[in-house]
Structures are given as C-alpha cells and as structure tokens.
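Trainee: Have a look at this one before I ask anything.
There are 2 protein chains.
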Amino acid sequence: MDYSTMLPSQVRALIRDGKITTQTSGMCAGYAQANLLIIPKEHAYDFLLFTQRNPKSCPVLEVGDTGDRLVKRIANADIATDIPKYRVWENGVLTGEYTDISHLWRDDFVYFLIGCSFSFEGELLAQDVPVRHIEEGRNVPMYITNMPCEKAGIFHGNVVVSMRPMPADQVIRAVSITASMPRVHGAPVHIGDPAQIGIKDISKPDFGDAVMVKNGEIPVFWCCGVTPQSVVMSTKPPIAITHSPGHMFITDVKNSLLKD
Amino acid sequence: MDYSTMLPSQVRALIRDGKITTQTSGMCAGYAQANLLIIPKEHAYDFLLFTQRNPKSCPVLEVGDTGDRLVKRIANADIATDIPKYRVWENGVLTGEYTDISHLWRDDFVYFLIGCSFSFEGELLAQDVPVRHIEEGRNVPMYITNMPCEKAGIFHGNVVVSMRPMPADQVIRAVSITASMPRVHGAPVHIGDPAQIGIKDISKPDFGDAVMVKNGEIPVFWCCGVTPQSVVMSTKPPIAITHSPGHMFITDVKNSLLKD
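Listed in order, the protein sequences are those of chains A and B. So the mapping is simple: my numbering equals the position in the first sequence, first residue as 1, plus 4. So the mapping is simple: my numbering equals the position in the second sequence, first residue as 1, plus 4.
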C-alpha cells in the first residue's frame, strides 16, 4: 500500500488496528505530523509555561483536557492508540515501548502535541531547497546545543537543533520559507559555524544520523521537536510518555495551513 | 513633558512614582504596550490553556513565575506598581481601582501580559492605512461577538473584537500588515457585514467609542485584548486584577520586533 497518498484518518485507523507500527515519515503527504508528550496534570502547568517561553522549540498544536484521550482540534483521534509506537519514561529512564498505551492511561494525564519539522521540509523541497537527509534516506541529524531553554517551573535544559546543509545561495530562501511557519519551529536559530552553539563535531549528531556537508555548503540549524522530550528526560519527572522517534502523530491539518 | 519620545523605563518610573495615572495611548512611540491579567495559581493552568487555544484573542507576551512581581523578559519592571491604573474584580464584579497594588499582592498570584492592537496601529498608519478612532481622538470601538472562544477549564466566553473602518482598497493592505504580527492579534477575524458575527448596531459598541464609517467603507474586525478580561469577568473567579482600560503596561520591546 502507498501510505503517502492515503488520508490521515485512513492511516490512523491502520495504526489503531496494529497494522502499521513503523516510522511515519512520508505518510499522508501534505499533512502535518506532530511530536507527543503526555504528563500528569501535576506538571502540566509548568510544561505549558515552558512551551510559552520556548515557542521556537515547542510550538504547541493541541493540548488535551485533563484525562481526555481524544484529539479534537487538529484531528479526530485517540491519542492512546493512534501513534505507531510510544515510549514510557519513569524518572527520566526509558522503561518500555508500546504500540498502544490504553492500559497505561490515567485520569490525570494531559497530552501535548507539538509541531514537527517534517512540515517545513515539504515546503523547502517544493521550492527547490535541498534536504540532504531525505536525499540520503536517513533521519535528520540533531544536536544538543549550549543554548539554555528559558526555565519554567521544574522544566529546564538546552535547546536541541536539527541541521540541514545547503549551498550559501539557498540559505536566504530557506530562512524566508520557514520564517512563515512559526507553528513548526519557524526560522532557523543559527546559520553557519556549529562551534558557536556548542556543537563540537558536526559528523557526530546526538540524535538521528550524520549527513554529508559538501564543500562550500553552510549548515543551517532549526529548533527541534526533540527539545521537549530531551528537557523532560533531563528533568526526570516520575512518569512521562512520548512517541518513539520518527513514529509521529499524523494530523488532519495540511502543512500549508500552519502558516498562520 | 512629551511622553511619546521618552523611553519606556523613564515613563514606567514616573508611573511607579504616581506622577502618571492617565491612559498610556501614544506614550513611548514605537514600543509595544500590553494588557494585564493577574489571577491566583489555582486558575493559572486553565487560563494559560485558554490562551493556547485562543491565540488570536490572547497572544501571550510574558507570564510571571508564581508569586513573582518582576517582569523580566519584555521589560525590567514591577507588575504591581508600573501600570497607571489597576482594576480589582471579585466574583466578576469590579470592586476597586488603584494606582498601585503592592498591598494586594499575594504569593500565589501569576501575571499574564497579552499583546495589544496599539502595536499594529502604528504599522497601519506608517503604511497610510487610516485608523479612524485615532483621527477622531477616540478610544477604538469594541464589540462582543456571537463567536465562542475555545473553552479551557473554567474559562469560556465570546470573542471581543475591535473595529477599524477603511476604504475597500485599503483592506488587503491592512490584512497583509497585521497578518505579519501574530503576537498582537494578527490578521483580522472578520471583514464586512457586522451582523454575520452577531453585531446588531455598529454605532453602539460594547466598549470604547463609536466612530464614523464613511460611505463605501468596509468595517474590518480584529480579535481584541479585551477578550481575556471579558472572559474572566463572565467566568467570575473569586479574585482577578486587570489594568484599567487604556492604562496599559509599556514594554521595552519595539513593535517592529513583534513580527516573529
């Protein structure tokens, strides 16, 4: 089956039935995908405030009502069943992976769905800006920087960035395209010298895969949806649930509508 | 003294010393002004979630830490002394106006500073779009619509809009200018027929002053910073503190920097 041309509701149904448990990259072309974080209400205010203070890292697309599994605004879905793979974290330690978390759901859980750079990659490609990791069939390289996020309550940590190398004459276009999409990380946070943001070796990403940076190309860095996950893990709350990397929530919202 | 050319820190010092107790319209030209809401921590999560679900009505510029009076990000100020006039609301009823609320401050108070359309009016004028209430020396006309806000916890109510009439050939420019400023309400929410959003008589605003709509002019409606105040009042929390209409918080952030 060609998942790229299917509707989000169709793919989510296959995920819910356990028929898709793989990464979602490329599925439902044109529709936004989202990062997931589930935490108890006890920590939800601190995290929501963290997203307000760090909007480039954590552009929130939807927050559920306390205890409510249903996604109502950016999709019509069940957050406990409609993602291919979940990760459970206890005190910052990964304790399990599941394809369904119905049995773990609690009345005090709150879900946060956060914008993902998959959305702007489609726009970059549409305007002929190269996206190296897609060309190479790899996951995007991600790095933990030396730039602290703005602290909020218990949540703190450094900004995680994704990197896409490109010829110098494409950088301005890439800034312009992504600046118009603030709900999926917006404009880059850094252009050029990786050392200035604390990245020692561009060939050794902290998450994802290394990609080739060709002679004369400029590395361009965007805030990354892994930041909230990384921050939650360094903050070590008693319980948190996230998606498994690359196994995103597929929304009913078209990328082109995330521009306002 | 010409307050329009003074720095925000200078005007806030005069406000703090009780030497300015008037409306702040026109002060510190070029710098953003903000709406204020203070509520106890008990209701802060619900309100922060309300702002996330209603970003056009409630574009948050800064949220304080619980119990902290200091504004640190968009100014260096004391939120309990640096606004010319405050209003105290108990169970949705106005019970007092003060020029200083230091004596009322509580360890569980959280302040929210929310973007204000003063910021985009400067941009409209700079690009020759008329702003009628400024021409007429009046307060902007504001109306309670029939459009419900997205509910969050205890907070609910209808969207309040401000209205600016203009020739049809200026409307597109006004949309374009304000769409680029999402942190101060962004693009209009409605253009044209007031009845479609529940406004029965354009000459009778619910807040502010009526302005002349000339023959052939189109009324253009923007989400308004009075919405959170109106919603809080209809929700009737035990205690809330706001600025007094027109008596805004003057930030150190230039309007032109609210575009990203």
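In this text, a Cβ means the ideal position worked out from N, Cα and C, and glycines have one as well.
Just the chain A side, please: which residues come within less than 8 Å of residue 38(B) by C-beta, in chain order?
Mentor: As a first step, residue 38(B) must be located in the second sequence, where it is residue number 34. Within chain A, no residue comes near residue 38(B); the closest Cβ sits about 14 Å away, beyond 8 Å.
Trainee: Starting from the Cα of residue 156(B), find the closest Cα among 47(B), 8(B), 15(B) and 245(B) and give me that residue.
Mentor: Taking the first residue of the second sequence as 1, we reach residue 156(B) at position 152. If we check each option's Cα against that of residue 156(B), 47(B) comes out closest.
Trainee: Here's a check: name, in chain order, each residue in its chain whose Cβ is nearer than 7 Å to the Cβ of residue 203(A), leaving out the five neighbours to either side.
Mentor: Within the first sequence, the letter at position 199 stands for residue 203(A). Once the five neighbours on either side are set aside, the close Cβ partners of residue 203(A) are 147 and 149.
Trainee: Is the beta carbon of residue 136(B) less than 8 Å from the beta carbon of residue 168(B)?
Mentor: Taking the first residue of the second sequence as position 1, residue 136(B) is located at position 132. Taking the first residue of the second sequence as position 1, residue 168(B) is located at position 164. Yes; because the gap between Cβ atoms is below 8 Å, this pair is in contact.
Trainee: Can you tell me which of the three DSSP states residue 181(A) falls into?
Mentor: If you number the first sequence from 1, residue 181(A) lands on position 177. DSSP places residue 181(A) in helix when its eight states are reduced to three.
Trainee: Taking C-alpha atoms, which residue in 240(A), 129(A), 252(A) and 242(A) lies nearest to residue 229(A)?
Mentor: Along the first sequence, read from residue 1 onward, the residue named residue 229(A) stands at position 225. Per the Cα distances, 252(A).
Trainee: What's the gap between the Cα of residue 97(B) and the Cα of residue 129(A)?
Mentor: As a first step, residue 97(B) is located in the second sequence; it is residue number 93 there, counting from the start. As a first step, residue 129(A) is located in the first sequence; it is residue number 125 there, counting from the start. Approximately 55 Å between the Cα atoms of the pair.
Trainee: Please check the pair residue 172(A) and residue 220(A), which I expect to be a contact at CB under 8 Å, by giving their CB distance rounded to whole angstroms.
Mentor: Within the first sequence, numbered from 1, the residue matching residue 172(A) stands at position 168. Within the first sequence, numbered from 1, the residue matching residue 220(A) stands at position 216. Contact holds; Cβ gap of about 7 Å.
Trainee: Counting contacts by CB-CB distance shorter than 8 Å, is residue 179(B) in contact with chain A?
Mentor: What you label residue 179(B) is simply residue 175 of the second sequence in a count that begins at 1. Answer no: the Cβ-Cβ gap between residue 179(B) and chain A never drops below 8 Å.
Trainee: Please state the DSSP three-state secondary structure of residue 249(B).
Mentor: In the second sequence, the residue the question calls residue 249(B) occupies position 245. DSSP places residue 249(B) in coil when its eight states are reduced to three.
Trainee: Can you list, in chain order, the residues of its chain whose CB lies under 8 Å from that of residue 112(A), leaving out five sequence neighbours each side?
Mentor: For this step, residue 112(A) is matched to residue 108 along the first sequence. For residue 112(A), where only same-chain residues beyond five positions count, the Cβ hits under 8 Å are 44, 45, 46, 70 and 71.
Trainee: Please tell me whether residue 232(B) and residue 198(B) are closer than 8 Å, where the distance is taken between their beta carbons.
Mentor: Your numbering for residue 232(B) matches position 228 in the second sequence. Your numbering for residue 198(B) matches position 194 in the second sequence. No, the Cβ-Cβ distance between residue 232(B) and residue 198(B) is not below 8 Å.
Trainee: Is the CB of residue 35(B) under 8 Å away from at least one CB in chain A?
Mentor: Counted from its first residue, the second sequence places residue 35(B) at position 31. So, not an interface residue.
Trainee: Please check the pair residue 192(A) and residue 226(A), which I expect to be a contact at CB under 8 Å, by giving their CB distance rounded to whole angstroms.
Mentor: Taking the first sequence and counting its residues from 1, the one referred to as residue 192(A) is at position 188. Taking the first sequence and counting its residues from 1, the one referred to as residue 226(A) is at position 222. The Cβ separation is near 5 Å, so the contact holds.
Trainee: Kindly list, in the order they appear in chain A, the residues whose Cβ is closer than 7 Å to that of residue 98(B).
Mentor: As a first step, residue 98(B) must be located in the second sequence, where it is residue number 94. Within chain A, no residue comes near residue 98(B); the closest Cβ sits about 28 Å away, beyond 7 Å.
Trainee: With a 10 Å radius around its C-beta and 16 neighbouring C-beta atoms as the bar for buried, classify residue 3(B) as buried or exposed.
Mentor: Limits of chain B in this structure are 5 at one end and 264 at the other, which puts residue 3(B) out of reach.
Trainee: Going by DSSP, which residues form a beta bridge with residue 87(A)?
Mentor: Here residue 87(A) refers to the residue found at position 83 when the first sequence is read from its first residue. In DSSP, residue 87(A) forms no bridge with anything.
Trainee: Nearest-angstrom Cα distance between residue 6(B) and residue 140(B)?
Mentor: Here the question's residue 6(B) lines up with position 2 in the second sequence. Here the question's residue 140(B) lines up with position 136 in the second sequence. The alpha-carbon atoms of residue 6(B) and residue 140(B) are separated by roughly 21 Å.
Trainee: Using a C-beta cutoff of 8 Å, does residue 81(A) count as contacting chain B?
Mentor: Numbered from its first residue, the first sequence carries residue 81(A) at position 77. It does not; no Cβ of chain B falls within 8 Å.
Trainee: Return helix, strand or coil for residue 258(B), following the three-state DSSP convention.
Mentor: For the purposes of this step, residue 258(B) is taken as residue 254 along the second sequence, with counting starting at 1. DSSP places residue 258(B) in strand when its eight states are reduced to three.
Trainee: Measuring CB atoms only, is the stretch 81-89 of chain A touching the stretch 15-27 of chain A, in the sense that at least three cross pairs come out at less than 8 Å?
Mentor: The answer is yes - the stretch 15-27 of chain A touches the stretch 81-89 of chain A, with three or more Cβ pairs under 8 Å.
Trainee: Give me the subset of the stretch 36-62 of chain A whose CB atoms are less than 7 Å from a CB atom of chain B, sorted by chain position.
Mentor: Hits within the stretch, in order: 48, 49, 52, 53 and 56.
Trainee: For the ligand ZN, I want to know if residue 213(B) counts as a neighbour, meaning its beta carbon is within less than 7 Å of at least one of the ligand's heavy atoms.
Mentor: The model on display carries no ligand, and the ligand ZN is accordingly not part of it.
Trainee: Who does residue 226(B) pair with in a DSSP beta bridge?
Mentor: The sequence position of residue 226(B) within the second sequence is 222, counting from 1. Answer is 166(B).
Trainee: What is the rounded straight-line gap between the Cα of residue 152(A) and the Cα of residue 163(A)?
Mentor: The residue given as residue 152(A) occupies position 148 in the first sequence. The residue given as residue 163(A) occupies position 159 in the first sequence. Spanning the two alpha carbons is a distance of roughly 6 Å.
Trainee: For the stretch 81-144 of chain A, which segments carrying the alpha helix (DSSP H) assignment without a break, of at least 4 residues, lie completely within its bounds, in sequence order?
Mentor: Counting only runs of 4 or more, we get 122-130 and 136-139.
Trainee: Whose C-beta lies closer than 6 Å to the C-beta of residue 325(B) among residues of the same chain, with five residues either side of it excluded?
Mentor: No answer is possible for residue 325(B): it lies beyond the span of chain B, which begins at 5 and ends at 264.
Trainee: Less than 8 Å between the C-beta atoms of residue 41(A) and residue 138(A), yes or no?
Mentor: Taking the first residue of the first sequence as position 1, residue 41(A) is located at position 37. Taking the first residue of the first sequence as position 1, residue 138(A) is located at position 134. No, they are not a contact pair.
Trainee: At what residues does the beta strand (DSSP E) containing residue 152(A) begin and finish?
Mentor: Counted from its first residue, the first sequence places residue 152(A) at position 148. Residue 152(A) -> beta strand (DSSP E) spans 146-152.
Trainee: Per DSSP, what are the beta-bridge partners of residue 35(A) in this structure?
Mentor: Walking along the first sequence from the start, residue 35(A) turns up at place 31. DSSP lists 258(A) as partners of residue 35(A).
Trainee: Per DSSP, what kind of secondary structure is residue 40(B) in: helix, strand or coil?
Mentor: Taking the first residue of the second sequence as 1, we reach residue 40(B) at position 36. Three-state result, residue 40(B): strand.
Trainee: Apart from the five residues just before and just after residue 34(A), which ones in its own chain have a Cβ nearer than 8 Å to its Cβ?
Mentor: Position 30 of the first sequence, counted from the first residue, corresponds to residue 34(A). Around residue 34(A): 126, 258, 259 and 260.
Trainee: Going by C-alpha distance, which of 82(A), 212(A) and 145(A) is nearest residue 106(A)?
Mentor: Reading the first sequence from its first residue, position 102 is the one you call residue 106(A). Of the listed residues, the one whose Cα sits closest to residue 106(A) is 82(A).
Trainee: In the DSSP assignment, find the beta strand (DSSP E) that holds residue 193(B) and state where it starts and stops.
Mentor: For this step, residue 193(B) is matched to residue 189 along the second sequence. That residue, residue 193(B), is in no beta strand (DSSP E); it is neither H nor E in DSSP.
Trainee: Any idea if residue 110(A) is buried or exposed, counting beta-carbon neighbours within 10 angstroms, 16 or more meaning buried?
Mentor: Position 106 of the first sequence, counting from 1, holds the residue named residue 110(A). The residue is exposed, with fewer than 16 neighbouring Cβ atoms inside 10 Å.
Trainee: For residue 186(B) and chain A, any beta-carbon pair shorter than 8 Å?
Mentor: Counted from its first residue, the second sequence places residue 186(B) at position 182. True, the Cβ-Cβ gap to chain A drops below 8 Å.
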